[in-house]
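To start, the structure itself, in structure tokens.
There are 2 protein chains.
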Amino acid sequence: MLKKIEAALAAVQYPQSPEGLYEPIAYTLSSGGKRLRPTLLLLAYGLYRDDVDRALPAALAIETYHNHTLLHDDLMDHADVRRGRPTVHRKWDANTAILSGDEMLILAFRHLLKQDVEGDAARLQQLLSLYADTMQEICEGQQYDMNFEHADNVSVEQYIEMIRLKTSVLLACALKAGALIAGAPEEDADLLYRFGERVGLAFQLQDDYLDCYGDPAVFGKAIGGDIRCGKKTFMLISALQRANDEQRSALLSRDPAQVIPLYNALGIPQLCREKIEEMYAQAREAFDRIALPAERKQALWDYAESLLKRNK
Amino acid sequence: MLKKIEAALAAVQYPQSPEGLYEPIAYTLSSGGKRLRPTLLLLAYGLYRDDVDRALPAALAIETYHNHTLLHDDLMDHADVRRGRPTVHRKWDANTAILSGDEMLILAFRHLLKQDVEGDAARLQQLLSLYADTMQEICEGQQYDMNFEHADNVSVEQYIEMIRLKTSVLLACALKAGALIAGAPEEDADLLYRFGERVGLAFQLQDDYLDCYGDPAVFGKAIGGDIRCGKKTFMLISALQRANDEQRSALLSRDPAQVIPLYNALGIPQLCREKIEEMYAQAREAFDRIALPAERKQALWDYAESLLKRNK
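If you're matching them up, the sequences are chains A and B in order. At position 179 of the first sequence (counting the first as 1) the number is 179 in my numbering, and the numbers step up by one without a gap. At position 190 of the second sequence (counting the first as 1) the number is 502 in my numbering, and the numbers step up by one without a gap.
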């Protein structure tokens with residue numbers, strides 16, 4: 001699946017000129033990664049049909065869009081490095097990141113418009129609306145994320161809604177899009193959406209967890225990065241709710257050596273694991289209701305589980 | 313027409329939250345202006361059908377998209393004021409301008425997806441592709457415009473191609489979209505595109521001309537603004553081509569008191585007016601070939617001419 005996606009991405013022909021617009025786009029899209037979203041899209045399509053190549057335009061669309069968000073988010077967050085390479089606004093400049101990022105959003109729609117929908121106007125409209133609605137939610141998620149940086153009273157519910165918007169809906173969109181393109185029943189498409197949403201939440205919560213408790217060699221990041229940034233994660237928000245005044249100021253110290261022992265004392269790792277299990281169970285419940293034989297669904301489940309068992 | 317558009321824009325309901333995302337969008341879209349692009353779209357639609365309200369979603373899409381480009385261009389150009397009010401990145405900040413701008417591009421597609429195309433998948437695809445192709449060209453135009461700032465060998469041809477991409481194709485898109493939605497013959501839609509493209513070029517060249525020779529009271533801007541910014545306009549590029557070394561350094565002085573007399577000495581105003589007339593004639597030629605009775609077409613011609621006769 002990954003090979004198909006990489007080959008399709010590599011085969012995209014960008015105009016030669018203006019170089020300053022297209023070079024950063026090719027740079028961004030060639031930086032590898034798990035290609036999680038297009039893989040989910042093709043796997044969902046593959047539940048219903050064997051000619052998965054047919055869904056590649058929509059898969060390219062979602063990967064191009066996702067990289068647009070990374071490009072603009074990195075600019076907004078002043079991030080210097082992405083996947084071991086300088087970010088576009090560092091390698092070029094802020095204006096390049098803005099304009100090439102805009103162009104990637106447009107290219108995403110252009111890919112999507114090449115998607116074969118068997119001449120079905122309603123399906124095309126549904127597919128495009130799914131992408132556009134999801135993109136709007138992701139903008140909202142990014143705005144909430146930026147708001148939360150300066151807010152000191154974020155609740156766990158608000159945090160989960162933020163990560164749902166910022167991260168989960170795109171996984172959900174990928175799965176639903178694959179189903180729509182395959183002409184799957186509406187109920188299945190909605191169950192796949194729900195499944196992706198819950199997997200995404202579990203995935204993001206696990207990311208929060210692994211930031212403190214992961215094996216750096218496996219996780220690929222230094223431990224405590226979120227803590228040092230003062231990022232309001234599930235861990236920090238839950239701990240602040242349970243903390244007394246003294247603990248509260250230690251939690252806000254941004255020092256992993258102070259924060260992690262407090263997390264332990266307050267039972268936060270257990271709480272986070274329970275929340276992950278809750279999302280995981282909701283994902284499984286939706287998955288089991290998809291009206292297909294278990295063996296047909298196995299590959300998708302295995303893939304989702306491989307994401308969630310990264311470090312267990 | 314303008315009333316219809318303002319009413320439709322005012323009736324758009326943005327989500328209440330997050331405010332930081334939607335408030336700058338409402339601010340930007342409520343700032344008035346000529347609403348040139350949606351007006352052209354509705355006028356083109358009105359050539360074929362009387363129920364012009366039907367094309368309002370596509371009209372809102374093009375105006376929302378146009379304002380997205382203004383928002384991001386103002387950020388890239390560090391412009392402080394737009395239509396007498398602080399720009400979004402000044403009133404809020406750069407991140408707000410980036411994210412609210414992205415959201416406006418998405419909203420443009422969302423408006424477009426509400427456009428009734430009478431269940432015709434091919435027409436929907438054609439309409440969406442027209443918008444997406446145009447948006448891509450506009451990104452290219454903006455990139456060339458930024459490149460030209462630092463280039464000292466821009467030709468008149470390159471300049472005209474840049475303004476075609478940055479400005480004209482959106483007027484052309486507006487007219488063609490109106491025709492497509494009305495189900496007009498393909499040939500008419502293409503002639504309207506050509507007409508809009510030529511009107512756009514004439515319009516932009518006139519803008520260059522009026523920057524030096526307009527009546528500030530009518531034109532609404534101080535004379536010589538482009539000169540003071542060192543902007544490579546048709547005037548400056550043509551003058552540099554004809555200048556000797558001494559004149560060349562005076563032309564690059566950014567001082568209107570030095571530059572405008574040189575333009576006069578080098579015959580640049582006449583040259584620019586000839587170019588405007590050439591574009592105007594090409595616009596008229598395309599217009600005359602549209603297969604409709606003259607009286608049906610008159611309103612569109614009058615509107616285009618009113619744009620081009622702003623200060624003659």
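The beta-carbon is built from N, C-alpha and C at its ideal position, and this holds for glycine as well. Since we're looking at a predicted model, the values are computed, not measured.
{"Check": "Residues of its chain near A/GLN206, where Cβ-Cβ distance is below 6 Å and the 5 sequence neighbours each way are ignored", "Outcome": "ILE276"}
{"Check": "Closest residue to A/PRO18 among B/GLN516, B/ASP457, B/ALA338 and B/GLY512 (Cα-Cα distance)", "Outcome": "B/ASP457"}
{"Check": "Within-8 Å CB hit, A/ASN95 to chain B", "Outcome": "yes"}
{"Check": "Entirely enclosed alpha helix (DSSP H) segments - the region 332-374 of chain B, minimum 4 residues", "Outcome": "348-358"}
{"Check": "Option in A/LEU41, A/GLU6, A/HIS68 and A/GLY32 with minimal Cα separation from A/ILE138", "Outcome": "A/HIS68"}
{"Check": "Stretch-stretch touch, CB-based, cutoff 8 Å, three pairs: the region 70-86 of chain A with the region 200-217 of chain A", "Outcome": "no"}
{"Check": "C-beta neighbour in chain B for A/GLN270, strict 8 Å", "Outcome": "no"}
{"Check": "Straight-line Cα distance separating A/GLY224 from A/LYS312", "Outcome": "Bear in mind that a pLDDT of 41 at A/LYS312, under 50, signals an unreliable position, so the number given afterwards is only what the model happens to contain. C-alpha separation (whole angstroms): 18 Å."}
{"Check": "Distance between A/LEU170 and A/GLU295 (C-alpha atoms, nearest Å)", "Outcome": "26 Å"}
{"Check": "Classification of B/VAL364 by the beta-carbon crowding that lies within 10 angstroms, buried from 16 upward", "Outcome": "buried"}
{"Check": "Whole alpha helix (DSSP H) elements within the region 58-100 of chain A, 4-residue minimum", "Outcome": "88-91"}
{"Check": "B/LEU574 beta carbon less than 8 Å from that of B/ALA551", "Outcome": "yes"}
{"Check": "For B/ILE280, the three-state DSSP class (helix, strand or coil)", "Outcome": "Any answer about residue 280 of chain B is impossible in this case: the structure gives chain B only from 313 up to 624."}
{"Check": "Option in B/ASP432, B/LEU417, B/GLY431 and B/ALA444 with minimal Cα separation from A/LEU107", "Outcome": "B/ALA444"}
{"Check": "Outcome for B/SER480 when other beta-carbon atoms lying within 10 angstroms are tallied against a minimum of 16", "Outcome": "buried"}
{"Check": "Closest residue to A/LYS91 among A/ILE25, A/GLU305, A/ALA257 and A/ILE160 (Cα-Cα distance)", "Outcome": "A/ILE25"}
{"Check": "Contacting residues, own chain, Cβ-Cβ under 8 Å from B/ALA323 (five flanking each side not counted)", "Outcome": "none"}
{"Check": "Buried or exposed by the 16-neighbour rule on C-beta atoms within 10 Å, applied to B/HIS462", "Outcome": "exposed"}
{"Check": "Contact with chain B by A/ARG110, beta-carbon distance below 8 Å", "Outcome": "yes"}
{"Check": "Neighbour flag for B/HIS384 against chain A, beta carbons, 8 Å", "Outcome": "yes"}
{"Check": "Interface flag, B/LYS624 vs chain A, CB-CB below 8 Å", "Outcome": "For B/LYS624, the pLDDT reaches just 41, beneath the cut-off of 50, and the residue's location in the model is therefore unreliable, leaving the point undetermined."}
{"Check": "Top-ranked residue by Cα proximity to A/ILE5, from A/GLU186, A/LEU165 and A/GLY33", "Outcome": "A/GLY33"}
{"Check": "Any chain A beta carbon closer than 8 Å to B/LEU321", "Outcome": "no"}
{"Check": "Range of the contiguous alpha helix (DSSP H) that encloses A/TRP266", "Outcome": "According to the sequence provided, residue 266 of chain A is Leu. The question's Trp does not apply to it. A/LEU266 -> no alpha helix (DSSP H), and no H or E assigned at all."}
{"Check": "Proximal residues to B/ASP392 (C-beta, below 7 Å), its chain only, five neighbours per side dropped", "Outcome": "PRO398, THR399 and ARG402"}
{"Check": "Three-pair Cβ contact test at 8 Å for the region 591-605 of chain B versus the region 554-569 of chain B", "Outcome": "no"}
{"Check": "Any chain A beta carbon closer than 8 Å to B/TYR267", "Outcome": "Coverage of chain B is limited to positions 313 through 624, which leaves residue 267 of chain B absent and any answer about it impossible."}
{"Check": "Buried versus exposed call for A/ASP315 [16 or more other C-beta atoms within 10 Å across all chains shown]", "Outcome": "This structure cannot speak to residue 315 of chain A, because chain A is shown only from 1 to 312."}
{"Check": "Closer than 7 Å at the beta carbon, the chain B residues around A/ALA79", "Outcome": "Residues of chain B passing the Cβ test: none, with the nearest at roughly 13 Å."}
{"Check": "Residue burial classification, B/ASP523 (beta-carbon count within 10 angstroms, cutoff 16)", "Outcome": "buried"}
{"Check": "For B/LEU354 and B/SER412, believed in contact at Cβ under 8 Å, the rounded distance", "Outcome": "Rounded, the Cβ-Cβ distance is 26 Å, inconsistent with contact."}
{"Check": "Cβ neighbour criterion (16 or more within 10 Å) applied to A/MET162", "Outcome": "buried"}
{"Check": "Supposed contact pair A/LYS232 and A/VAL154 - C-beta distance, whole angstroms, cut 8 Å", "Outcome": "5 Å"}
{"Check": "B/GLY508 beta carbon less than 8 Å from that of B/LEU477", "Outcome": "no"}
{"Check": "For A/MET1, the three-state DSSP class (helix, strand or coil)", "Outcome": "coil"}
{"Check": "Distance, A/THR39 Cα to B/TYR615 Cα", "Outcome": "51 Å"}
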